[in-house]
Amino acid sequence: MSRNIELKARVENLDAAREIAHRLGAERISRFDQWDTFFPTPEGRLKLRKLPDAWELIAYHRSNEASARPSDYEILRLEEGEILRSLLSSTLGIEGEVRKTRELFLWRDVRIHMDEVDGIGTFLEFEALVNENNAEEDATGKIHWLTDLFQIEPGSIESASYLELLAARVG
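In our numbering, the protein residues as written are 0 to 170.
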């Protein structure tokens, strides 16, 4: 499995976050819509993600901590996901769906996501890759540094997934 260190925070002003990313020298990659369908699993999480031109089946394990936390994941890229979505939903059922618009920036080996999530608001997310060139401690340090740079208050850091936040709002 691959690993990254990630942190998610609720933010009020994505324009201010864009300005900080620009000053940082982060490269804006794109802005696109995502549709995530979550399926029930005995452990971990499983989602099928629809992107503008592809699909991804993503399995991952992550704790719910309001801090920089490791996430272990595997991604299977698919040309066509409608059939898989139909198969998984008919056999496993659907746990929930999340729709969002994501603006993606890259800074070094860190993905910076500026998300507008339907029904729950705007968020900033950092994902630092852990690999042979970037130890977990280094990745965590980058996340903490970015948290300070973007002036993220501890109370705005989210421990729950978008699906859980949406379910709490609806429920």
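For glycine and all other residues, C-beta sits at the position ideal for the given N, C-alpha and C.
Return the CA-CA distance between E11 and R101, expressed in angstroms with no decimal places. 15 Å
Indicate whether D32 and K99 have their beta-carbon atoms separated by less than 9 Å. yes
Could you give the distance in angstroms between the alpha-carbon of A25 and the alpha-carbon of L45? 30 Å
Tell me the DSSP secondary structure of E81 in three-state form. helix
Between which two residues does the alpha helix (DSSP H) carrying G95 extend? Careful: G95 lies outside any alpha helix (DSSP H), inside the beta strand (DSSP E) at G95 to W106.
Cα separation between L105 and S88? 33 Å
Could you give the distance in angstroms between the alpha-carbon of F122 and the alpha-carbon of E96? 17 Å
Considering only the beta carbon of each residue, do A65 and G43 sit closer than 9 Å? no
Meets three-Cβ-pair contact criterion under 8 Å: the stretch 145–159 and the stretch 111–128: yes
Express the C-alpha separation of N130 and Y161 in angstroms, rounding to a whole number. 26 Å
Nearest-angstrom Cα distance between A53 and K141? 30 Å
Tell me the residue span of the beta strand (DSSP E) that contains T121. G120 to V129
Distance CB(A20)-CB(H143) smaller than 9 Å: no
Please report the straight-line C-alpha distance between F38 and K7, rounded to a whole angstrom. 22 Å
Going by the DSSP bridge assignment, what does M113 pair with across the sheet? E102 and L123
Leaving out the 5 sequence neighbours to the left and right, which residues in its chain are closer than 8 Å to E163 when beta-carbon positions are compared? N63
Only counting the same chain, and skipping five residues up and downstream in sequence, which positions put a Cβ closer than 7 Å to that of R9? G120, F122, S155 and E157
Could you check whether L86 and E56 sit closer than 9 Å to each other, using their CB atoms as the reference points? It is worth fixing the name first, because residue 56 is Leu in this sequence and not Glu. Not a contact, by the Cβ cut-off of 9 Å.
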